[in-house]
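Chains A and B, in that order, give the protein sequences.
Counting from 1, position 188 in the first sequence corresponds to residue 188 in our numbering; the numbering is continuous, with no gaps.
Counting from 1, position 220 in the second sequence corresponds to residue 220 in our numbering; the numbering is continuous, with no gaps.
All remarks here apply to the structure that follows.
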Amino acid sequence: MARTRKGLIAAAGALSLAALVLTGCSGNNGNPLSNDSGSKGSSDTITIGSAAFPESAILAYIYADALEDAGVKTTVKANIGQRDRYIAALKDNEIQLVPEYTGNLLQFLDPKATASSSDDVYSALQSALKTGGDKLDAGKAEVLDQSPGQDADSYTVTKKFSEQYGVTSLADLSKVKVPLSVGANPEFATRPYGIPGLKSAYGVTATLKPFSDSGGPNTLKALLDNTVQLADIYTSDPSIKANDLVTLKDPKNLIAAQNIVPLIASDKASAKVKDTLNKVSAKITTAELSDMLTKSYTDKQSSDAIAKAWVKANGF
Amino acid sequence: MNSYSQAFAWLAEAAHWSGPAGIPQRVLEHLGYTGLTLVIAIAVALPVGLFIGHTGRGREIIVPFTGALRALPTLGLLIVLALAVGSGILAPLIALVILALPPIIAGAYSGLESVSREVVDAARSVGFTGSGVLWKVEVPLALPLIVGGIRSAALQVIATWTVAAYLPLGGLGRFLYDALPNQDYAQLLAGSILVIVLALLVDGLFALIQRLVTPRGVSAGRTADIRTKTQSPTRKDPSWLAPEKA
């Protein structure tokens, strides 16, 4: 697997070099990397990037496979790094497409953004991309349709807790009279969706037990042995289904939506590409994400293979 | 330089010196964790080290074994142990005791081994029993090295207890783990400075103890002196005599 990825990276490198040469030859004035709308079609290959975790890599390979099936040439540059890295790569035209999360991308582009529900976040994101800023130039990239699937922070409880106190929503928590502690990353103490937001939006007082494993196995264990009553476990995490956990509803949208969305360089967003990716996005649900992550974590399948199987199963 | 001034500004802020998340509380927690770890580690490691040093047996097994223990990554061990025993103090305590064992064992057996055979034989010939030789001759003479092993363990344990804040525990690691996701580099650096200062203070304390426990007879002929008198080849080689300082 490592070998194929290395091969892919090498191929991606070679292709971007070829693209560079091509743009250079086509006599565009100025910097060949500056990708204003004039340089459209200098290369018909779309380079797809991803963040450095399995879910993002799987989504990148899904986009690639679906686009290939639709007759669009692609190459995948998986596991680039964190958001600042791959958005910079998009800005510099090293990649032209990357799977993104609406809420986090919006926060990244506009740290003052307050939108929280799926639709609000999506439209705020569209206008943030149109306006542009220091991270991405105005109109450089756009988001296509968002998926119903999300990978967001959550307040998750055990089934036992949910039934014992009749809690299925954050709004129900105020009637629970036992002291509540939340297992989550340390930043949960100060973030608006964390402990302060729980108090201001739902009137619930809880203490944070900081686990630095991002809702991983140690947080899960603490939830299961009732060291904590609530845990921030990401909504696409397979452990929710595997342990019969209950993710509490958030009627006041305390937690910003994190729908999966393709972020694409505007000059690559042809009708065919848009149409294909929108069809893909429509089928990516949180449950589908969770199933794919099970294959990644439990069955140790490669992101590439998981994506291929999904694309085949969903008939692209 | 700027981040250093920010870190010191963070340290100077009065609000950081009070309350359950304040510096004094975190320092006390850190010292408490460290003390507990050392007590357990000494209780386990010292008998093992003294046994090896006194009898000369078990060395082939224990030395490679403790050497292998040194290679265990403490954070990884902590995470795995916490999955087994929960997110309380037990998991990091075990991980840190394991970290502290090798230097204490090594200090104990190398301390006993450093005691000259003639001294041990002399003690036997005047009628000391086995345990008499150990407690009245070997251990007092080896004490500086035994304390040195504990001192080295203490330094590692103080520095490494910071990883325990991966779990919901206190101690100075809290400042580091809480600062990282918020990119609060002033607090991150300030927390590191606190760990360094605490480690240096404790190391200084042990240096003092080490000096105090050195028997008068040993301090008259410290290891450094012994080496220059008997083992230095430079003394025997006249060609090297000239540049050497008297």
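Beta carbons are placed, not taken as given, at the ideal position from N, Cα and C, and that holds for glycine.
Predicted model, so just to flag it, every value in this text is computed and none were measured.
Cα separation between residue i and residue j?
i                      : j                      : result
residue 58 of chain A  : residue 190 of chain A : 32 Å
residue 240 of chain A : residue 201 of chain A : 24 Å
residue 189 of chain B : residue 207 of chain B : 27 Å
residue 148 of chain A : residue 2 of chain B   : 46 Å
residue 159 of chain A : residue 22 of chain B  : 37 Å
residue 213 of chain B : residue 139 of chain B : 11 Å
residue 322 of chain A : residue 15 of chain B  : Here chain A covers residues 1 to 316 and nothing more, so residue 322 of chain A does not appear.
residue 205 of chain B : residue 8 of chain B   : 25 Å
residue 64 of chain A  : residue 158 of chain B : 50 Å
residue 216 of chain A : residue 177 of chain B : 16 Å
residue 312 of chain A : residue 66 of chain A  : 9 Å
residue 296 of chain A : residue 234 of chain A : 16 Å
residue 203 of chain A : residue 154 of chain A : 17 Å
residue 167 of chain A : residue 291 of chain A : 26 Å
residue 11 of chain B  : residue 144 of chain B : 36 Å
residue 39 of chain A  : residue 269 of chain A : Note on residue 39 of chain A: pLDDT 38, under 50, position unreliable in the model; the coordinate value appears next. When rounded, the distance between both Cα atoms is 13 Å.
residue 228 of chain A : residue 184 of chain B : 26 Å
residue 349 of chain A : residue 154 of chain B : Limits of chain A in this structure are 1 at one end and 316 at the other, which puts residue 349 of chain A out of reach.
residue 314 of chain A : residue 72 of chain A  : 18 Å
residue 198 of chain B : residue 27 of chain B  : 8 Å
residue 32 of chain B  : residue 139 of chain A : 57 Å
residue 13 of chain B  : residue 5 of chain B   : 12 Å
residue 221 of chain A : residue 84 of chain B  : 9 Å
residue 90 of chain B  : residue 80 of chain B  : 12 Å
So, under 8 Å CB-CB, residue i and residue j are touching, yes? Tell me the CB distance rounded to an integer number of Å.
i                      : j                      : result
residue 210 of chain A : residue 186 of chain A : 4 Å
residue 71 of chain B  : residue 111 of chain B : Contact doesn't hold; Cβ gap of about 24 Å is too wide.
residue 119 of chain A : residue 188 of chain A : Actually they are not in contact, since the Cβ atoms of residue 119 of chain A and residue 188 of chain A sit about 26 Å apart, beyond 8 Å.
residue 86 of chain B  : residue 225 of chain A : 6 Å
residue 108 of chain A : residue 87 of chain A  : 7 Å
residue 289 of chain A : residue 55 of chain A  : 6 Å
residue 206 of chain A : residue 230 of chain A : 7 Å
residue 251 of chain A : residue 116 of chain A : Between residue 116 of chain A and residue 251 of chain A the Cβ distance is about 11 Å, and since that is not below 8 Å, they are no contact.
residue 171 of chain B : residue 165 of chain B : 6 Å
residue 90 of chain A  : residue 265 of chain A : 7 Å
residue 64 of chain B  : residue 78 of chain B  : With a Cβ gap of about 24 Å, residue 64 of chain B and residue 78 of chain B do not count as contacting.
residue 36 of chain B  : residue 69 of chain B  : Wrong, their Cβ atoms sit about 19 Å apart, outside the cutoff.
residue 245 of chain A : residue 157 of chain A : 7 Å
Closer than 7 Å by C-beta to residue i: which residues in its own chain qualify, once you throw out the five before and the five after it? Chain order, please.
i                      : result
residue 160 of chain B : 74, 96, 99
residue 46 of chain B  : 104, 108
residue 34 of chain A  : Low per-residue confidence applies at residue 34 of chain A: pLDDT is 44, beneath 50, and the placement is therefore not dependable, though the value from the model is reported in the following sentence. Nothing listed; no residue qualifies.
Can a CB atom of chain E be found closer than 8 Å to the CB of residue i?
i                      : result
residue 154 of chain A : Chain labels in this structure do not include chain E; the protein chains are A and B.
Residue i CB to nearest chain A CB: under 8 Å?
i                      : result
residue 111 of chain B : no
residue 82 of chain B  : yes
residue 79 of chain B  : yes
residue 185 of chain B : no
residue 116 of chain B : no
residue 145 of chain B : no
residue 87 of chain B  : yes
residue 2 of chain B   : no
residue 167 of chain B : yes
residue 181 of chain B : yes
residue 33 of chain B  : no
residue 178 of chain B : yes
With a cut-off of 8 Å, does the C-beta of residue i fall near any C-beta of chain B?
i                      : result
residue 75 of chain A  : no
residue 237 of chain A : no
residue 108 of chain A : no
residue 221 of chain A : yes
residue 187 of chain A : yes
residue 114 of chain A : no
residue 190 of chain A : yes
residue 218 of chain A : yes
residue 159 of chain A : no
residue 120 of chain A : no
residue 54 of chain A  : no
Report all residues from its chain with a CB closer than 6 Å to the CB of residue i; omit the five preceding and five following residues, and keep chain order.
i                      : result
residue 263 of chain A : 98, 100, 141, 143
residue 304 of chain A : 61
residue 17 of chain B  : 23
residue 29 of chain B  : 170, 171
Near residue i, what residues of its chain come up, given a Cβ to Cβ distance below 8 Å and the 5 sequence neighbours on each side ignored?
i                      : result
residue 120 of chain B : 133, 137, 138
residue 219 of chain A : 183, 184, 211, 213, 228, 231, 232, 233
residue 57 of chain B  : 51
residue 67 of chain B  : 102
Note to self: Taking contact to mean 3 or more Cβ pairs, one atom from each stretch, closer than 8 Å, check whether the region 143–151 of chain B and the region 275–292 of chain A are in contact.
What the structure shows: no
Note to self: Within 8 Å, do at least three Cβ pairs link the region 102–109 of chain A to the region 117–132 of chain A?
What the structure shows: yes
Check: Within the chosen definition, does the region 124–136 of chain B reach the region 33–45 of chain B through at least 3 CB pairs nearer than 8 Å?
Finding: Between the region 124–136 of chain B and the region 33–45 of chain B there are fewer than three C-beta pairs closer than 8 Å, too few to call the two in contact.
Item checked: Touch test, the region 137–152 of chain A against the region 266–274 of chain A, Cβ-Cβ under 8 Å, three pairs minimum -> yes
Check: When the Cβ atoms of the region 174–183 of chain A are set against those of the region 291–311 of chain A, are three or more pairs found closer than 8 Å?
Finding: no
Checklist line | At least three beta-carbon pairs within less than 8 Å, the region 43–52 of chain A to the region 76–94 of chain A | finding: The region 43–52 of chain A vs the region 76–94 of chain A: in contact.
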